[in-house]
Amino acid sequence: MFFGFDEDQIAVKEAVGALLDKRAGLTVLQQAWSDPAGPAAWAVWPDLADMGVQGLLAPESAGGSDLGWVTMTLVLSEAGRVALPLPLAETAAIGVPLLVSAGDPAGVLGSLVAGRAVVTVASGIGEADSGERPRAPAASRADWFVLGDRLYGRDDVVLRPVASVDATRDLAEVEALGEGLVVGSPLEFGALAAAAVLVGLGRALVSTTVDYVKDRHQFGVPVGSFQAVKHQLADAAMHVEFAAPAVWAAAWEMDQRGGDVGNIGEVARSVSLAKALASDAAERAARTALQCHGAMGYTDDYHLHLWLKRVWCLSPAFGSARWHRRRVGVDMGLHG
Amino acid sequence: MDLTWSRADEDFRAGARSWLEANVPRPALPSGDTSEGFARHLEWERHLFENRWSVVSWPEEYGGRGASLWQWLIFEEEYYRAGAPQRVTQNGIFLLAPTVFEFGTPEQQQRILPRMAAAEDLWCQGWSEPGAGSDLAGITSRAEPVDGGWALTGQKIWTTRGAFCTHLFGLFRTDPDSTRHRGLTYFLVPLDAPGVTVRGFGRLDGDEGFAEVFFDGVVVAEEAVLGGVGQGWSVAMATTGSERGLTLRSPGRFSAVVTRLVDLARRSADPGGHPDPLLADQVVRGWMEAEAYRLFTLQAVTALAGGARPGAESSLNKIWWSELDIHLHETALALRGDAAELDDAWMRGFEFSLSGPIYAGTNEIQRNIAAERLLGLPRS
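Chains as they are written, first to last, in my numbering: chain A, 2 to 337; chain B, 347 to 726.
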């Protein structure tokens with residue numbers, strides 16, 4: 002029994018974190034808000050590929066490193082920390098493993114790993130109105146679209162841009178024209194990847210709020226010295242830190258199954274555990290961050306909203322907390 | 347990362363499981379917080395000791411098995427899975443013993459630990475006072491030097507199982523000019539010493555699980571001091587790390603309650619054959635929070651096994667398990683409908699769970715500690 006990370010995993014995480022701090026910092030994020038498909042937002046994409054990030058789940062024969070899901074989720078939590086406005090989860094943690102397990106029917110794995118092609122995923126779980134079409138982020142730049150359990154090329158889909166609360170999402174409704182290629186369901190990979198990003202977002206929201214309340218003075222003292230503020234932040238930190246191990250554990254289980262989609266049902270409970278805890282924790286962190294920032298956080302020229310809105314997008318993506326609890330409840334025989 | 351158990355750990359689990367299956371009393375014992383129930387629990391504790399299951403993680407010379415922290419977790423998981431009795435010796439074994447191992451002289455260790463393991467000496471905690479609960483540093487009970495030792499004067503209160511125990515470990519002020527955390531000393535006191543008066547009183551659930559302990563010039567020897575005169579606060583804080591963290595509340599406790607809760611939910615069907623979907627959601631939430639606690643603990647034990655010291659994150663632990671315990675019992679009572687009012691195991695468990703956010707440092711104090719020491723927020 003060893004619930005920790007090895008040196009290689011920590012080294013990859015730190016290297017990617019340093020790259021993102023340098024090349025995908027706040028300025029880039031703000032540029033992505035006004036031009037999500039533009040060169041500024043996407044400048045770090047080839048750098049990530051050079052570092053091997055898109056190939057973490059690809060075999061060496063496809064130019065990947067096959068380092069696995071534990072490393073992948075650590076990296077995705079770093080992407081969450083900086084609110085990276087790019088479809089890294091969709092390409093590296095959904096598209097790549099789906100294509101690996103499907104035998105790369107379109108022959109695109111190499112270009113994904115090399116950073117020359119982009120996959121996005123249309124989810125559409127838990128729609129109130131089933132007449133709505135699934136939507137995918139990074140729609141202007143994606144070369145490949147996963148819709149249901151199939152993969153479509155850009156020429157085989159019709160896109161209708163729709164506004165997301167998070168303008169960096171570059172969201173569009175996706176309608177498939179052809180048959181596509183069967184690659185398998187993106188649900189388990191997507192839920193685990195989103196959970197990892199949400200842990201990073203939640204941690205960033207707590208730490209940026211801690212910094213703010215130490216600095217912000219009212220009544221002659223830092224507002225962070227008030228118990229009403231302290232207790233909210235202690236709770237937010239607790240929920241994020243109890244969600245994180247569930248994400249790492251689900252990633253480890255995914256690795257034990259070799260990422261084989263055929264056996265994914267066995268890890269479904271662990272994935273649901275990770276996603277439900279991470280969604281709830283990140284939403285709590287977002288509410289707490291906004292409340293503790295006061296009116297400062299309720300402006301769009303202060304950067305807090307970029308993290309809040311990403312949480313609002315990813316918390317329901319690939320199944321909300323409630324959706325995943327229900328899935329486990331069905332498995333336990335508690336629902337009809 | 348490797349979330350599998352070693353062969354040796356699996357063997358340890360199998361040994362614990364088969365012994366518990368053959369030995370756990372049926373039907374369950376009456377509450378250990380009543381005088382008749384306490385006697386039955388003592389028999390059980392001594393049976394555990396004779397079979398070397400009372401203190402598995404202690405060295406063999408003191409009656410343990412030298413088990414690793416991992417095996418301790420496994421034992422706890424099996425213990426609660428088997429529905430074995432609550433541990434009436436736990437305040438000694440889990441709160442005092444770690445402090446004796448760390449701060450005790452060899453003489454104290456030899457004198458105290460084997461008798462504690464054997465449930466010959468039964469220890470209760472004497473920290474809270476009428477005027478010093480959350481504000482523990484406000485202690486006014488005092489110890490004055492006398493020939494060959496100290497004379498203790500003052501009052502302790504809310505002492506769990508104080509009326510049934512033989513010894514008390516507590517904090518007393520040895521420096522009359524001191525305030526707050528300074529000038530306190532950690533004492534080990536036999537409750538049959540002249541000048542000690544113990545008065546038991548009922549808890550919320552009606553059991554006589556609490557006591558007030560009065561000290562009226564109680565003379566104890568120099569050897570009654572644990573960890574040095576004036577060092578009481580730092581010695582005591584080492585014990586709170588144990589109390590709030592791993593040692594008092596192993597994940598196995600909550601996993602066992604979750605198993606019972608899921609079973610209850612399956613039997614609490616509406617005419618359609620399933621429980622209220624909102625309650626089913628709360629059941630799954632309980633399962634998830636118990637799983638999160640188990641995984642968080644595996645992560646923490648990995649750090650401890652690697653040489654880390656328990657730190658302020660134990661405050662988060664304590665908030666999590668205490669609120670989880672209430673959630674599990676509230677959900678169970680909601681599933682029970684109007685049968686919730688019956689004075690049965692679920693109601694008893696619910697009443698006990700309500701003490702969790704209060705004892706061992708209220709959750710408000712834990713949130714202060716987490717905010718100040720983990721997050722680095724300024725003190726008020």
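Here a beta-carbon is modelled for each residue, glycine too, at the ideal position from N, C-alpha and C.
C-alpha distance - residue i paired with residue j, whole-angstrom precision
{"i": "residue 515 of chain B", "j": "residue 473 of chain B", "result": "8 Å"}
{"i": "residue 242 of chain A", "j": "residue 200 of chain A", "result": "8 Å"}
{"i": "residue 43 of chain A", "j": "residue 162 of chain A", "result": "19 Å"}
{"i": "residue 238 of chain A", "j": "residue 499 of chain B", "result": "42 Å"}
{"i": "residue 610 of chain B", "j": "residue 632 of chain B", "result": "13 Å"}
{"i": "residue 174 of chain A", "j": "residue 150 of chain A", "result": "17 Å"}
{"i": "residue 533 of chain B", "j": "residue 489 of chain B", "result": "9 Å"}
{"i": "residue 363 of chain B", "j": "residue 304 of chain A", "result": "55 Å"}
{"i": "residue 480 of chain B", "j": "residue 704 of chain B", "result": "9 Å"}
{"i": "residue 307 of chain A", "j": "residue 84 of chain A", "result": "7 Å"}
{"i": "residue 685 of chain B", "j": "residue 122 of chain A", "result": "49 Å"}
{"i": "residue 702 of chain B", "j": "residue 709 of chain B", "result": "9 Å"}
{"i": "residue 246 of chain A", "j": "residue 580 of chain B", "result": "31 Å"}
{"i": "residue 678 of chain B", "j": "residue 606 of chain B", "result": "9 Å"}
{"i": "residue 66 of chain A", "j": "residue 100 of chain A", "result": "15 Å"}
{"i": "residue 405 of chain B", "j": "residue 522 of chain B", "result": "39 Å"}
{"i": "residue 117 of chain A", "j": "residue 46 of chain A", "result": "9 Å"}
{"i": "residue 666 of chain B", "j": "residue 441 of chain B", "result": "19 Å"}
{"i": "residue 621 of chain B", "j": "residue 603 of chain B", "result": "18 Å"}
{"i": "residue 695 of chain B", "j": "residue 672 of chain B", "result": "9 Å"}
{"i": "residue 17 of chain A", "j": "residue 670 of chain B", "result": "36 Å"}
Cβ-based burial, residue i [other Cβ within 10 Å; buried from 16]
{"i": "residue 714 of chain B", "result": "buried"}
{"i": "residue 452 of chain B", "result": "exposed"}
{"i": "residue 381 of chain B", "result": "exposed"}
{"i": "residue 143 of chain A", "result": "buried"}
{"i": "residue 11 of chain A", "result": "exposed"}
{"i": "residue 394 of chain B", "result": "buried"}
{"i": "residue 437 of chain B", "result": "buried"}
{"i": "residue 573 of chain B", "result": "buried"}
{"i": "residue 299 of chain A", "result": "exposed"}
{"i": "residue 391 of chain B", "result": "buried"}
{"i": "residue 220 of chain A", "result": "exposed"}
{"i": "residue 597 of chain B", "result": "buried"}
{"i": "residue 74 of chain A", "result": "buried"}
{"i": "residue 23 of chain A", "result": "exposed"}
{"i": "residue 255 of chain A", "result": "buried"}
{"i": "residue 624 of chain B", "result": "exposed"}
Proximity of residue i and residue j at Cβ, strictly below 7 Å
{"i": "residue 448 of chain B", "j": "residue 584 of chain B", "result": "yes"}
{"i": "residue 280 of chain A", "j": "residue 226 of chain A", "result": "no"}
{"i": "residue 138 of chain A", "j": "residue 88 of chain A", "result": "yes"}
{"i": "residue 202 of chain A", "j": "residue 311 of chain A", "result": "yes"}
{"i": "residue 658 of chain B", "j": "residue 719 of chain B", "result": "yes"}
{"i": "residue 544 of chain B", "j": "residue 509 of chain B", "result": "yes"}
{"i": "residue 326 of chain A", "j": "residue 630 of chain B", "result": "yes"}
{"i": "residue 540 of chain B", "j": "residue 587 of chain B", "result": "no"}
{"i": "residue 531 of chain B", "j": "residue 571 of chain B", "result": "yes"}
{"i": "residue 77 of chain A", "j": "residue 63 of chain A", "result": "no"}
{"i": "residue 124 of chain A", "j": "residue 319 of chain A", "result": "yes"}
{"i": "residue 177 of chain A", "j": "residue 152 of chain A", "result": "no"}
{"i": "residue 69 of chain A", "j": "residue 648 of chain B", "result": "no"}
{"i": "residue 328 of chain A", "j": "residue 273 of chain A", "result": "yes"}
{"i": "residue 517 of chain B", "j": "residue 582 of chain B", "result": "yes"}
Supposed close pair residue i, residue j - CB separation, criterion 8 Å
{"i": "residue 706 of chain B", "j": "residue 664 of chain B", "result": "6 Å"}
{"i": "residue 423 of chain B", "j": "residue 601 of chain B", "result": "7 Å"}
{"i": "residue 120 of chain A", "j": "residue 96 of chain A", "result": "3 Å"}
{"i": "residue 520 of chain B", "j": "residue 575 of chain B", "result": "6 Å"}
{"i": "residue 102 of chain A", "j": "residue 261 of chain A", "result": "6 Å"}
{"i": "residue 439 of chain B", "j": "residue 401 of chain B", "result": "6 Å"}
{"i": "residue 230 of chain A", "j": "residue 293 of chain A", "result": "6 Å"}
{"i": "residue 463 of chain B", "j": "residue 410 of chain B", "result": "7 Å"}
{"i": "residue 289 of chain A", "j": "residue 210 of chain A", "result": "7 Å"}
Residue i: CB within 6 Å of a non-hydrogen atom of the ligand GTP
{"i": "residue 688 of chain B", "result": "You won't find the ligand GTP in this model; it holds no ligand whatsoever."}
Open item on the list: Restricting to runs no shorter than 3 residues, where is the beta strand (DSSP E) found entirely within the segment 531 to 557 of chain B?
Closed with: Listed in chain order, they are 542 to 547.
TODO: Just list the alpha helix (DSSP H) runs in the segment 65 to 97 of chain A, keeping only unbroken ones of 4 residues or longer that don't cross its boundaries, in chain order.
DONE: Those alpha helix (DSSP H) runs which fall completely within the segment 65 to 97 of chain A and span 4+ residues are 70 to 82.
Task: Ranges of the beta strand (DSSP E) found wholly within the segment 497 to 535 of chain B, counting only runs of at least 3 - done: For the beta strand (DSSP E) assignment, the uninterrupted runs of no fewer than 3 residues enclosed by the segment 497 to 535 of chain B are, from N- to C-terminal side, 513 to 519.
Task: Unbroken stretches of the alpha helix (DSSP H), 4 residues or longer, contained in the segment 408 to 468 of chain B - done: 415 to 427, 443 to 449 and 452 to 463
- [ ] Could I get the ranges of all uninterrupted alpha helix (DSSP H) runs contained in the segment 153 to 229 of chain A, with 4 residues as the minimum, in chain order?
- [x] 188 to 216
Task: beta strand (DSSP E) segments (min. 3 residues) lying fully within the segment 106 to 148 of chain A - done: 120 to 123 and 145 to 148
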